[in-house]
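Basically our numbering = 1-based index in the first sequence + 1.
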Amino acid sequence: MKPVLRYAPSPTGPQHIGGLRTALYCYLLTQKLDGEFILRIEDTDQGRFVPGAEEFIVRAVEWLDIQFTQGVHVGGPHAPYRQSERSALYQGYAKQLVEAGHAYYAFDTSEELEEMRAKLEASGIDNRGYNYITRMSMRNSLTLPAEEVARLVAAGTNCVVRLKVPAKADIRFHDEIRGAQHWHSSNVDDRVLLKSDGLPTYHLANVIDDHLMGVTHVVRGEEWLSSTPTHVLLYDAFGWRDTMPKFAHLALLLGPNGQKLSKRNADKFGIPIFPFDWFDEASGEIWKGYKDLGYLPEALLNYIVFLGWHPGGENEIFSVAEMVELFSLERCHHAGAQFDMAKLKSFQEHYLRLKSDAELAEMMRPSVAAAGYDVSDAYLQALAPLMRERISFAHEVVEKGKFLFEAPTTYDAAFASKNWKQQSIELLTAFMPGLEALTTWTTQSVHDLFHVFVAEQAVGFGKVMAPLRLALTGVAAGPGCFEMAEAFGKVETLRRIQTALDHLPAQ
RNA sequence: GUCCCGGUCGUCUAGUCCGGUCUAGGACACUAGAUUUUCAUUCUGGUAACAGGGGUUCAAUUCCCCUACGGGAUACCA
């Protein structure tokens, strides 16, 4: 049987980082097993549907190059892959379950349900669900006379279909990460399978689609672990137990406070939660996303793969191909992992430094252009090696290397007071003719000239270097002076020195 | 409340399955120093952890139990 995995997000909001990690793990396993990978949209909750969320999900997986063989965006033999377009299907299966005695109709209003729960709580009963005991005192097709049920259904009364959980049964299943799982059916509620709007709940739709689509491995977040007994019961009720997929429940992603990494919780700690910027129309909030913040997809991937999995050994830098090679469910962790921006940043810096001059130049281009600088590709490429190890994100070249795009108009006061003495001015002035006479203008030639000059003058490097840097950049930090001189070119370099000489008095 | 899942440095983790080689390793962060014309990079060093209590055993971070703690689920949400 060909392995089939699926990633099945709900478009109740933009794709977030936790879901992306689940998608990544599924993808790695799919690749490793040479199986199919399905992107299915679970949009059965009309009330929580968010416009644009589905497109966001597709863009996110494409950005990270998580590839699907079937799905809402690529089609496939099991289309449609959007559950809202499959609703008739689920209704048929729900009916089948009712007829076979595995499910029943329930007519209780939300007030009646609340009343039941309140009553149970008041009488100190621990188990407060709609279950094999409580269902006998509620209004459903198990307690109502057949004629009454028929009348209610015919009258179009709001009703749901609930799973009839067997009274005293052991439910066993194996979790690929956590091992043997054992539940007693008294702890499993008669969950709603089909809602009164005719759409299925997650439980029903999920089991049916996984079965129909031939899914062999269900890899999902730990929040689903306690719903799995319901799903196992459904596979049993449909007679699909022999092809029931393997289950694997991933430990949750946590915020720095140890709580589930939700949108709000992440935001509280300055952790971006989405891959791209997202404008929430309902609240008017703007959420910053990783890509728009300048993160490289390979850095994000390499970081999140270690949030809940580790291949052993001491290497931490892996390509996706290597992750595929090493990945296994057995090596997934049981405990949740806290998200740490500092570590993510270190991966970001690592991968940024792997970029070629041309790639980095291309990455810097948009923010340079946005800042209003019109520079050539050749110049940007010349800048790449100068800034590569001084920035964490390509866009930082504009903030940290402003002087690369415009001559300084002000000079750092602290640096100047230390390094712009009368002597500095005299030395720089004396250095100018040599520079002007230089016919070959390269990092090396300026370097050589400089060394000859300081030797002649019998002064320390710093006596000339610091004022030179001040004249060139106006600040204390930055790339090597000779490298910058080459990038600027002779004319601009001389102009900057002359400007400083003309306008900056000795400090 | 009830059910379920967890537990190694601040964080991500190796080691635990098959108990001794663990005076517990790596990475990030922090920190000290070296290199360096500045900044950054790079290099070297340092601080820092087996939740607690029982048990089994010659020996427990590793196996078992309990407690406390953390998390998840308890919806006509996924």
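Built from N, CA and C at the ideal position, the CB exists for glycine as well.
- The residues K165, A238, in chain order, have a CB closer than 6 Å to that of H103 in the same chain once the five nearest residues on each side in sequence are set aside.
- Between E177 and V150, the alpha-carbon positions lie close to 43 Å from each other.
- Scanning its chain for C-beta atoms nearer than 6 Å, with the 5 sequence neighbours on each side dropped, one finds around D109 the residues M139, R140, in chain order.
- The beta-bridge partner set that DSSP reports for C333 consists of W310.
- Taking a C-beta distance under 7 Å as the contact criterion, A61 and G14 do not qualify as a contact pair.
- By the 16-neighbour rule on beta-carbons within 10 angstroms, V306 is buried.
- Selection S88, H250, K3, A371 evaluated against G20 yields H250 as nearest (Cα-Cα).
- Residue nearest to Y133 within the set A370, A168, A438, L405 is A168 (criterion: CA-CA distance).
- In the displayed model, V193 falls within a strand according to three-state DSSP.
- Taking every protein chain shown into account, the CB of D378 has fewer than 16 other CB atoms within 10 angstroms, so this residue is exposed.
- Taking the Cβ atoms as the reference, F277 lies roughly 4 Å from G290, within the contact range of under 8 Å.
- Non-local C-beta neighbours of G461 in its own chain, meaning closer than 8 Å and more than five positions away in sequence, comprise V455, ordered along the chain.
- Nearest Cα to L439 within the set E115, A431, L450: L450.
- Membership of I426 in the alpha helix (DSSP H) is indicated by the continuous run 423 to 438.
- About 18 Å separates the Cβ atoms of L194 and R242, ruling out a contact at the 8 Å cut-off.
- Beta-bridge partners of P201 (DSSP): L195.
- Q182 is bridged by DSSP to F174.
- If you check the CB distance, H204 and R192 come in under 7 Å.
- The alpha helix (DSSP H) runs lying completely inside the region 60 to 144 and spanning 4 residues or more are 88 to 100, 111 to 123, given in chain order.
- F489: member of the alpha helix (DSSP H) spanning 482 to 489, first to last residue.
- When DSSP states are grouped into helix, strand and coil, W279 belongs to the strand group.
- F38 is bridged by DSSP to L6.
- Under DSSP, H218 shares a beta bridge with L6, K247.
- The three-state reading of DSSP puts Q16 in coil, since its state is none of H, G, I, E or B.
- Looking at the DSSP output, A338 shares a beta bridge with L254.
- Here the alpha carbons of G313 and F394 stand approximately 30 Å from one another.
- Short of 8 Å from the beta carbon of T443, and not among the five residues preceding or following it, lie these beta carbons of its own chain, in chain order: E487.
- Rounded to the nearest whole angstrom, the C-alpha separation of E350 and L262 is 24 Å.
- Distance from the CA atom of L143 to the CA atom of Q182, rounded to whole angstroms, is 30 Å.
- For the pair of segments examined, the region 326 to 340 was found not to touch the region 40 to 51: the number of CB pairs separated by less than 8 Å stays below three.
- Cβ neighbours of R7 within its own chain (closer than 6 Å, five residues either side excluded): I39, R41, V216.
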